[in-house]
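Note that the sequence shown covers residues -16 to -1, 1 to 117 in mature numbering (1 follows the signal peptide of the UniProt record, and there is no 0).
For every residue, glycine included, the Cβ atom is placed at its ideal position computed from N, Cα and C.
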Amino acid sequence: MNKLIIICALASMTTAASLAGYTTPIPILRQSLDGPNPDGSYSYSYETANGIQAQEIGYVNYVGTQTEARAIQQAQGSYTFTAPNGEVVQVNYVANENGFQPQGSHIPQTPPAILKALEYNAAHPEQNNYGAQ
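Right, here's the structure in full:
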């Protein structure tokens, strides 16, 4: 009888432990999706009950000459959420051949000294020491 009680106690503790990690799913209030389309374009948006919003459009852009064009998938969009401290965070972004480029008031800006150094390096490629022995 003691073994049965111990087995039941262990089973109930295991069940309780697995339920402790369960969170209620957040309802989706609004959602739309278009694509992907044959031309590579698409769009989506959604909003959840806890205040998360996101939207994005994507398309293919051709760069280069007419005979040597490269297809580059591009996207632009934004998302908004509430940080743990209660601050509403909004990010606008572009993603293209130059990578993911987010913008938002919470994202640190490049220091002026770094910008100046990058401009100098771009203007003086002859002083590039990469590959020097």
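{"Item": "Could you pull out every residue in the same chain whose Cβ sits closer than 8 Å to the Cβ of TYR46, ignoring the five residues on either side in sequence?", "Value": "ALA53, ARG54, ALA55 and ILE56"}
{"Item": "For ALA106, which residues does DSSP report across the bridge?", "Value": "DSSP output for ALA106 lists no bridge partner at all."}
{"Item": "Which of the three DSSP states is assigned to LYS100 in this structure?", "Value": "helix"}
{"Item": "Can you tell me where the beta strand (DSSP E) holding SER62 begins and where it ends?", "Value": "54 to 66"}
{"Item": "Determine the direct distance from the alpha carbon of GLU81 to that of GLY19, and round the result to whole angstroms.", "Value": "21 Å"}
{"Item": "Looking at the strands, I want to know which residues DSSP matches up with ILE(-10).", "Value": "Its beta-bridge partners do not exist; DSSP assigns none."}
{"Item": "Do GLN74 and GLY88 count as a contact pair if the criterion is CB distance below 8 Å?", "Value": "yes"}
{"Item": "Checking the sheet assignment: what are the DSSP bridge partners for GLY42?", "Value": "TYR26 and ALA59"}
{"Item": "Check the DSSP bridge columns for GLY5 and list the partner residues they point to.", "Value": "Answer is none; GLY5 lacks a bridge partner."}
{"Item": "What separation, rounded to the nearest whole angstrom, lies between the Cα atoms of THR64 and HIS90?", "Value": "12 Å"}
{"Item": "Looking at GLY48: is its Cβ nearer than 8 Å to the Cβ of GLN58?", "Value": "no"}
{"Item": "So, at 7 Å on beta carbons, what are the nonlocal neighbours of GLY35 in its own chain, with the 5 sequence-adjacent residues on each side left out?", "Value": "PHE65 and THR66"}
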